[in-house]
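Here is the structure we will look at, set down as structure tokens.
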Amino acid sequence: MAAVAGYPVLYGIWLSLQRYDLRFPDERGFVGLGNYAAVLSAPVFWAALAATAVITVVAVGLELAAGLGIALILRRGLAGRRALHAALLLPYGIITVVAAFAWQYLATPSLSFLTDRAWLGQRWSSFAVIIATEVWKATPFVALLLLAGLAAVPEELMDTATLDGAGRWQRFERVLLPAIRPVLLVVLLYRTVDTVRVFDTVFIQTNGANGTQTLSLLAYRQLADRLNLGLGSAVSVLLFLLAAAIAVGFVWVFRADLRELSQGGGR
Amino acid sequence: MSRSGRLGWYAGTAVVLAVAVLPVLWIVSLSLKSPATITDKRPWPVDPTLENYRSIAGSALFTRALLNSVGIGLTTTVLAVALATPAAYALTRLRFRGEALVLPLTLAVAVFPPVALVGPLFDLWRALGLYDTWAGLVIPYLSFALPLAMWTLTAFFRGLPWEMEEAAQADGATPWQAFRRVLVPLARPGVLTAAILVFFFAWNDFVFAISLTSSDRSRTVPAALAFFPGDERFAQPVGSIAAAAVVVTVPVLVATLVFQRRLVAGLTAGVVKR
Numbered sequence: 049m050a051a052v053a054g055y056p057v058l059y060g061i062w063l064s065l066q067r068y069d070l071r072f073p074d075e076r077g078f079v080g081l082g083n084y085a086a087v088l089s090a091p092v093f094w095a096a097l098a099a100t101a102v103i104t105v106v107a108v109g110l111e112l113a114a115g116l117g118i119a120l121i122l123r124r125g126l127a128g129r130r131a132l133h134a135a136l137l138l139p140y141g142i143i144t145v146v147a148a149f150a151w152q153y154l155a156t157p158s159l160s161f162l163t164d165r166a167w168l169g170q171r172w173s174s175f176a177v178i179i180a181t182e183v184w185k186a187t188p189f190v191a192l193l194l195l196a197g198l199a200a201v202p203e204e205l206m207d208t209a210t211l212d213g214a215g216r217w218q219r220f221e222r223v224l225l226p227a228i229r230p231v232l233l234v235v236l237l238y239r240t241v242d243t244v245r246v247f248d249t250v251f252i253q254t255n256g257a258n259g260t261q262t263l264s265l266l267a268y269r270q271l272a273d274r275l276n277l278g279l280g281s282a283v284s285v286l287l288f289l290l291a292a293a294i295a296v297g298f299v300w301v302f303r304a305d306l307r308e309l310s311q312g313g314g315r
Numbered sequence: 133m134s135r136s137g138r139l140g141w142y143a144g145t146a147v148v149l150a151v152a153v154l155p156v157l158w159i160v161s162l163s164l165k166s167p168a169t170i171t172d173k174r175p176w177p178v179d180p181t182l183e184n185y186r187s188i189a190g191s192a193l194f195t196r197a198l199l200n201s202v203g204i205g206l207t208t209t210v211l212a213v214a215l216a217t218p219a220a221y222a223l224t225r226l227r228f229r230g231e232a233l234v235l236p237l238t239l240a241v242a243v244f245p246p247v248a249l250v251g252p253l254f255d256l257w258r259a260l261g262l263y264d265t266w267a268g269l270v271i272p273y274l275s276f277a278l279p280l281a282m283w284t285l286t287a288f289f290r291g292l293p294w295e296m297e298e299a300a301q302a303d304g305a306t307p308w309q310a311f312r313r314v315l316v317p318l319a320r321p322g323v324l325t326a327a328i329l330v331f332f333f334a335w336n337d338f339v340f341a342i343s344l345t346s347s348d349r350s351r352t353v354p355a356a357l358a359f360f361p362g363d364e365r366f367a368q369p370v371g372s373i374a375a376a377a378v379v380v381t382v383p384v385l386v387a388t389l390v391f392q393r394r395l396v397a398g399l400t401a402g403v404v405k406r
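Chains A and G, in that order, are what the protein sequence lines are.
Heads up, the working numbering is the position in the first sequence plus 48, with the first residue counted as 1.
Heads up, the working numbering is the position in the second sequence plus 132, with the first residue counted as 1.
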């Protein structure tokens, strides 16, 4: 398994060190870090990094806020809870490409009953549609994980806090939030590294137009359209390094919380 | 809880329900509109028609893509579960030294951007003759599906009552009998959960599907949707795309609702204390 998965990864790194354009196969040769220098000095790379950052930061922030809200609603156990629970799995189960089309058609003035504005015609409104799609698709996952975290908070703890005179906000801030902190962190990490590689939604809705080209899309363009395996692989490796750096940095900063989680987990 | 407080929670429930369902209903609505009414900007079809469904059912482009999606998805699922189940069993029972490495490795795979495999696989698959074949997609899917299945199954196995296996052996059952009669039935729900999650992953993939295929020989539905040819140039065939989208959503929807509890258990496995 390690060989099957590992070989292409190493081969990808090897490709990123070569001049390798399938349109000019005779010019193939080792160029060291030349592709990286070319990529890092190209404005299009930094624009893609910025677009990726905008989508990731805003989408993940909204997913956590909405997910926490929904988890709190579900925890109440009111009527409609089961319907809500089932409805949440709808966005989760749907193919991302289908979700992208659904939101695109909601934002297309010639089709939509909601708007007369060409949302995908301008930069910031394009970002808004892409982010809405991502948030719609991923929030259920966030909500279900946080709900599981909330369910593990002992009810007595909440009752004690109430008896001690804690208000609703205080109970949330002093009891619930600290109790689900490790789960919240895992979800934050997972959603961040997942959104950094956002591809499907952008490909369908704008195909990178209006400054929305993300790093994954830039790599794909180099590889599949321009058939430049060297440059495309360099972009891919940089994207992987970015995701890895986020993950490692995150695990390092929050190591105490995560240790608590792995010790408590499933033993 | 105060009355106004309760109303607030109900309002929240209603809003979330509406937002969750709206885009799906919208796609269904579009799929039932005729070409003449698709741009009427109404929320629902005035004169519902199955024309779009008939059109995609008669298009080899779509039917072939559906066959590819089902075939590739099922192959990936069967292989992933068959390989991951014994591995997860060993991981749970043996408490070997590298156990601490499993979480970081799973995380590494979860972090890995699929597009980083596109270049090397594109080049390798052309050389090996795997480009535009089922195997050419099943192999990269397995590299992501195996850790996912292992993760889910390990978390599930940890919660099983292992004493029962030992008790069966103490009662004279051979290890194989204990495994077959006691463990397999206990493990079945976990295996089912892992299978659903893996199938969803393969069914959903877009990056590999558009990069490693070039024809309807192996192109799956998400890729076919992106390349649906329009009736007019520059115009997307919205009705056909919507109908195809509904067709591929229905099986997932049914699976989701039938296995709702398993799915949620699988998604939250290993992340939340039990």
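Here a beta-carbon is modelled for each residue, glycine too, at the ideal position from N, C-alpha and C.
Keep in mind it's a predicted model, so treat the numbers as computed, not measured.
Original post:
Where does glycine 77 of chain A sit, in a helix, a strand or coil, going by DSSP?
Top reply: strand
Original post:
Between which two residues does the alpha helix (DSSP H) carrying asparagine 276 of chain A extend?
Top reply: It is not in any alpha helix (DSSP H) - asparagine 276 of chain A carries neither H nor E in the DSSP assignment.
**OP:** Using a threshold of 8 Å, state whether the C-beta atoms of leucine 63 of chain A and alanine 119 of chain A are closer than that.
**Re:** no
Original post:
Is the segment 305 to 318 of chain G touching the segment 201 to 216 of chain G, taking contact as three or more C-beta pairs under 8 Å?
Top reply: no
Original post:
Which value, in whole angstroms, describes the spacing of the CA atoms of tryptophan 294 of chain G and proline 177 of chain G?
Top reply: 56 Å
Subject >> the segment 281 to 300 of chain G touching the segment 248 to 266 of chain G, judged by at least three CB pairs closer than 8 Å >> reply: no
**OP:** List the DSSP bridge partners of glutamine 66 of chain A.
**Re:** A:Phe78
Subject >> Chain-ordered residues of the segment 328 to 339 of chain G with a beta carbon less than 8 Å from chain A >> reply: Phe332, Trp335, Asn336, Phe338, Val339
Subject >> arginine 222 of chain A versus arginine 229 of chain A: straight-line alpha-carbon distance, rounded >> reply: 11 Å
Subject >> arginine 135 of chain G versus A:Leu126, A:Gly117, A:Leu88, residue with shortest Cα-Cα distance >> reply: A:Leu126
**OP:** Answer yes or no: does any C-beta atom of chain G fall closer than 8 Å to that of glycine 60 of chain A?
**Re:** yes
**OP:** Would you mind giving the Cβ-Cβ distance between alanine 135 of chain A and threonine 400 of chain G, rounded to the nearest angstrom? I have them listed as a contact below 8 Å.
**Re:** Rounded, the Cβ-Cβ distance is 18 Å, inconsistent with contact.
Subject >> Neighbour list for glycine 101 of chain G in chain A, Cβ cutoff strictly below 7 Å >> reply: Because chain G here runs from 133 to 406, residue 101 of chain G falls outside it and cannot be looked at.
Original post:
Any idea what DSSP makes of glycine 398 of chain G, helix, strand or coil?
Top reply: helix
Subject >> Min CB distance valine 106 of chain A to chain G below 8 Å >> reply: no
Original post:
Out of curiosity, what's the CA-to-CA distance linking phenylalanine 333 of chain G and threonine 208 of chain A?
Top reply: 43 Å
Subject >> Helix, strand or coil at tryptophan 294 of chain G according to DSSP, with G and I counted as helix >> reply: coil
Original post:
Which class does aspartate 179 of chain G belong to by DSSP, given the choice of helix, strand or coil?
Top reply: coil
Original post:
In whole angstroms, what separates the C-alpha of arginine 174 of chain G from that of leucine 162 of chain G?
Top reply: 10 Å
Original post:
Residues of chain A with CB under 8 Å from valine 380 of chain G, in chain order?
Top reply: Ile143, Val146
Original post:
Are the C-beta of proline 91 of chain A and some C-beta of chain G separated by less than 8 Å?
Top reply: no
**OP:** Over the uninterrupted alpha helix (DSSP H) stretch that includes isoleucine 252 of chain A, give me the two end residues.
**Re:** 248 to 253
Subject >> Closest residue to leucine 269 of chain G among G:Trp335, G:Arg320, G:Ser191 (Cα-Cα distance) >> reply: G:Trp335
**OP:** Select from the segment 157 to 170 of chain G all residues with a C-beta closer than 8 Å to any C-beta belonging to chain A, and list them in chain order.
**Re:** Trp158, Ile159, Leu162, Ile170
Original post:
Which same chain residues, not among the five before or five after leucine 271 of chain A, have their C-beta less than 7 Å away from its C-beta?
Top reply: Leu277, Gly280
Subject >> Neighbourhood of tyrosine 273 of chain G by C-beta, 6 Å cutoff - its chain only, sequence neighbours within 5 removed >> reply: Thr208, Ala334
Subject >> Own chain partners of alanine 356 of chain G with C-beta closer than 7 Å, once the 5 adjacent residues on each side are dropped >> reply: Leu193, Phe194, Ala197
Original post:
With 8 Å set as the bound, which would you pick, yes or no: does the beta-carbon of serine 158 of chain A sit closer than that to a beta-carbon of chain G?
Top reply: yes
**OP:** Enumerate in chain order the residues of its own chain whose CB-to-CB distance from valine 202 of chain G is below 6 Å, with the five nearest sequence positions on each side excluded.
**Re:** none
**OP:** Determine, using beta carbons only, whether glycine 314 of chain A comes closer than 8 Å to chain G.
**Re:** Interpretation of glycine 314 of chain A is limited by its pLDDT of 38, a score under 50 that renders its predicted location unreliable; the figure taken from the coordinates is listed afterwards. Yes, contact with chain G.
**OP:** Could you check if glycine 261 of chain G is buried or exposed, using at least 16 other CB atoms within 10 Å of its CB as the buried criterion?
**Re:** exposed
Original post:
Should valine 382 of chain G go down as buried or exposed, given a rule of 16 or more other Cβ atoms within 10 Å for buried?
Top reply: exposed
Subject >> Counted within 10 angstroms of its Cβ, other Cβ atoms place glutamate 182 of chain A as buried (16 or more) or exposed >> reply: buried
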